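Please read the structure below before turning to the comments.
Number of protein chains: 2
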Amino acid sequence: MVNHYSSKLVEEAVNELSKLPGIGKRTAMRLALHLLKQDVTYSEQLGNSIITMRTNIQFCKRCSNISDQEICEICNNPRRDEKLICIVEDIRDVMAIENTSQFKGLYHVLGGLISPMDGISPSDLTISKLIERVHNEDIEEIILALSATVEGDTTSFYIYKQLKDTAIKISTIARGVAIGDEIEYADEITLGRSIIGRLPYDKGL
Amino acid sequence: MVNHYSSKLVEEAVNELSKLPGIGKRTAMRLALHLLKQDVTYSEQLGNSIITMRTNIQFCKRCSNISDQEICEICNNPRRDEKLICIVEDIRDVMAIENTSQFKGLYHVLGGLISPMDGISPSDLTISKLIERVHNEDIEEIILALSATVEGDTTSFYIYKQLKDTAIKISTIARGVAIGDEIEYADEITLGRSIIGRLPYDKGL
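As given, the protein sequences belong to chains A and B, one line each in that order. Heads up: the first sequence runs through residues 0 to 204, numbered per numbering that gives the first Met the number 0. Heads up: the second sequence runs through residues 0 to 204, numbered per numbering that gives the first Met the number 0.
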């Protein structure tokens, strides 16, 4: 497809926008036109917020969560339980778990999952940093909160192997039929896991 | 939904990104995370291309097409036929028609269509500028290339009324069954229009 942009400026913006995941040339063009119809200030705010974010972002030295400081807000919060660490894939999982208000410990963000297919090995993740934390901090329990996929299971097992000879308790989040889902429609693996992981009635509510 | 961003920088970028049409908070977060995983230079290029485009863009003084100069490349091209003007809704239509390589005249970009529902009246478009062009330039034919919607038809009719008493020929693009489409599945209005607009066999190829 030959494209006749009547403006090099628009062509460049469309090219940059279409490098974003899930945004093709057509969508990028629609976004560029939208920006042209808006006030100049919006494009300035958008452009500057992207540049400022990328330039000034830091990764927490302790848990690798994104942060505006050297140590993130969660690690810095004296009311959180330092002895309990939840292992997650990325910062979206931190946000999802924080939204539940059910977890009062700290996190450790791996930055991905082990995936030989995608060329991601343990050394690409923050696993060695986790082992270091386990040795230097007074940790009692680690909760593995990784996706129930081949990659998630591989990563969980790898971490489990690294830590099983320490005194730390290693747990994993419960798998089971989601709240609101009908038993009939649950897949058999999930349903099987929810039976194996059954709880005393008064604790399962 | 309470959102726990561990970084104000990310929160701001997500807020700005989610103001774009078709991009919700979740997609914006995915885009922000993608940017964080890329090199700093990409975010700088993206941000700057957006700001530069919006700040420096001009609208051609003649046809209202977007342009990097006062007069756009198409209006400035001496090999194009100045006596033939194609009326389009926006610059995406200019690009679409340019891609066909079938049109050698100039354009007039309306900047929208008349739509009382959306509060868009003729005075919000560049129609008066078109009338001016008709009076000041040596135009022989105007081709209406607007969408086959209520808004498109209303706008076409409005322009037709304004110009019908001049010596200018007013035509509209052909409507009909698309190349590659089966007659059986064409909607009846399109099929009806393609019968009314039938051509001598040797011209219809």
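Yeah, the Cβ is synthetic: ideal placement off N, Cα and C, and Gly gets one too. Remember, it's a predicted structure, so these values are computed and weren't measured experimentally.
Along the chain, where does the beta strand (DSSP E) containing residue 81/B start, and where does it finish? As a working note, residue 81/B is residue 82 in the second sequence. Counting along the chain, the beta strand (DSSP E) containing residue 81/B begins and ends at 80-87.
Using a C-beta cutoff of 8 Å, does residue 46/B count as contacting chain A? Here the question's residue 46/B lines up with position 47 in the second sequence. It does; some Cβ of chain A falls within 8 Å.
What number of angstroms, rounded off, separates the C-alpha of residue 47/A from the C-alpha of residue 45/B? As a position in the first sequence, residue 47/A is number 48, starting the count at 1. As a position in the second sequence, residue 45/B is number 46, starting the count at 1. Taking the Cα positions, residue 47/A is about 10 Å away from residue 45/B.
Please list, in chain order, all residues of the same chain as residue 129/A whose beta carbon is under 6 Å from its beta carbon, the five residues on each side excluded. Position 130 of the first sequence, counted from the first residue, corresponds to residue 129/A. Cβ neighbours of residue 129/A beyond the five flanking positions: 107.
So, is residue 210/A buried or exposed, given that buried needs 16 or more other C-beta atoms within 10 angstroms? Residue 210/A falls outside the range modelled here, since chain A spans only 0 to 204, and no answer is possible.
Tell me whether residue 139/B sits in a helix, a strand or coil according to DSSP, three-state version. The residue you call residue 139/B lines up with position 140 of the second sequence. Residue 139/B falls in the coil class under three-state DSSP.
Hey, which unbroken runs of the alpha helix (DSSP H) at 4 residues or more fall wholly within the segment 106-177 of chain B? Listed in chain order, they are 126-135 and 149-162.
Quick one, which residues of the segment 84-96 of chain A are near chain B if we go by CB-CB under 8 Å, in chain order? The segment 84-96 of chain A vs chain B, Cβ under 8 Å: 89, 90, 91, 93 and 94.
Count Cβ pairs between the segment 1-18 of chain B and the segment 90-99 of chain A that sit closer than 8 Å; are there 3 or more? Touching, yes, given that three or more Cβ pairs across the two stretches are closer than 8 Å.
Neighbour list for residue 28/B in chain A, Cβ cutoff strictly below 7 Å: Along the second sequence, one-based indexing puts residue 28/B at 29. Simply 91.
Please work out which residues of its chain come closer than 6 Å, Cβ to Cβ, to residue 1/A, disregarding the five sequence neighbours upstream and downstream, and give them in chain order. One-based indexing of the first sequence puts residue 1/A at position 2. Residue placement at residue 1/A is flagged as unreliable, the pLDDT there being 48, under the threshold of 50; a coordinate-derived value is accordingly withheld.
Can you look up residue 66/B in the DSSP assignment and give me helix, strand or coil? Here residue 66/B is taken as the residue at index 67 of the second sequence, counted from 1. Reduced to three states, the DSSP call for residue 66/B is strand.
Beta-carbon contacts of residue 142/B that lie in its chain and below 6 Å, excluding the five residues immediately before and after: Along the second sequence, one-based indexing puts residue 142/B at 143. Once the five neighbours on either side are set aside, the close Cβ partners of residue 142/B are 85 and 170.
Quick one: which chain B residues come within Cβ less than 9 Å of residue 34/A? Here residue 34/A corresponds to residue number 35 of the first sequence, with the count starting at 1. By Cβ distance, chain B contributes 19, 49, 52 and 53.
So with CB distances below 9 Å, who are the chain B contacts of residue 177/A? Mapped onto the first sequence, residue 177/A falls at position 178. Here the premise fails: no neighbours, minimum Cβ distance about 18 Å.
Could you name the residues of chain B that residue 187/A contacts, counting a contact when the two beta carbons are closer than 7 Å? Counting from 1 along the first sequence, the entry for residue 187/A is found at position 188. Correct list: empty, because the minimum Cβ distance to chain B is about 29 Å.
Who does residue 102/B pair with in a DSSP beta bridge? Start at 1 with the first residue of the second sequence, and residue 102/B comes out as number 103. Checking the DSSP bridge columns, you'll see residue 102/B has no partner listed.
State yes or no: is the C-beta of residue 69/B nearer than 7 Å to some heavy atom of the ligand HEM? As far as ligands go, the structure on display features none, and thus does not contain the ligand HEM.
Taking only beta-carbon atoms, is residue 155/A less than 8 Å away from chain B? To locate residue 155/A, count along the first sequence from 1; it is residue 156. For residue 155/A, the closest Cβ of chain B is not nearer than 8 Å.
Selection of the segment 53-71 of chain A by Cβ proximity to chain B, strictly under 7 Å: Of all residues in the segment 53-71 of chain A, the ones placed with a Cβ closer than 7 Å to any Cβ belonging to chain B are 53, 54, 55, 56, 64, 65, 66, 67 and 71, in chain order.
Stretch-stretch touch, CB-based, cutoff 8 Å, three pairs: the segment 133-152 of chain B with the segment 178-187 of chain B: Here the segment 133-152 of chain B makes no contact with the segment 178-187 of chain B; the two share fewer than three CB pairs at distances below 8 Å.
Of all Cβ atoms in chain B, is any one closer than 8 Å to the Cβ of residue 7/A? Translated into positions along the first sequence, residue 7/A becomes position 8. For residue 7/A, a Cβ of chain B is located within less than 8 Å of the residue's own Cβ.
From the beta carbon of residue 42/B, is the nearest beta carbon of chain A less than 8 Å away? Counting from 1 along the second sequence, the entry for residue 42/B is found at position 43. The beta carbon of residue 42/B falls within 8 Å of a beta carbon belonging to chain A, placing the residue at that interface.
Going by DSSP, name the residue or residues bridged to residue 57/B. Translated into positions along the second sequence, residue 57/B becomes position 58. Residue 57/B pairs with 66/B.
Between the Cα of residue 164/B and those of 133/B, 56/B, 52/B and 185/B, spot the shortest distance and give me the residue it belongs to. Residue 164/B sits at position 165 when you count from the first residue of the second sequence. Considering only alpha carbons, the answer is 133/B.
CB-CB under 7 Å to residue 151/A, same chain, minus the five flanking residues each way: which ones, in chain order? To locate residue 151/A, count along the first sequence from 1; it is residue 152. Within the same chain, residue 151/A has close Cβ partners 112 and 145.
Test: residue 73/B CB closer than 8 Å to a CB of chain A: In the second sequence, counting from the first residue as 1, residue 73/B sits at position 74. Flagged as an interface residue toward chain A: residue 73/B, by a C-beta distance shorter than 8 Å.
Use the C-beta contact count for residue 88/B: other C-beta atoms within 10 angstroms, 16 or more gives buried, fewer gives exposed. As a position in the second sequence, residue 88/B is number 89, starting the count at 1. Its Cβ being crowded by 16 or more others within 10 Å, residue 88/B is buried.
Is the Cβ-Cβ distance between residue 139/B and residue 60/B less than 8 Å? In the second sequence, the residue the question calls residue 139/B occupies position 140. In the second sequence, the residue the question calls residue 60/B occupies position 61. No; because the gap between Cβ atoms is not below 8 Å, this pair is not in contact.
Keeping to the same chain, check which residues put their C-beta closer than 8 Å to that of residue 64/B; ignore five residues upstream and five downstream. For this step, residue 64/B is matched to residue 65 along the second sequence. Taken in chain order, the residues that qualify are 58, 71, 73, 74, 90, 93, 106 and 108.
Alpha helix (DSSP H) segment containing residue 74/A, residue limits: Position 75 of the first sequence holds residue 74/A. Run containing residue 74/A: 72-75, per the alpha helix (DSSP H) assignment.
Please classify residue 1/B: does DSSP put it in a helix, a strand, or coil? Locating residue 1/B in the second sequence gives position 2, counting from the first residue. Only weak support is given to the placement of residue 1/B: the predicted model assigns it a pLDDT of 48, under 50, and the question is left unresolved by the model.
Could you give the DSSP three-state label for residue 184/A: helix, strand or coil? For the purposes of this step, residue 184/A is taken as the residue at position 185 of the first sequence. Three-state DSSP puts residue 184/A in a helix.
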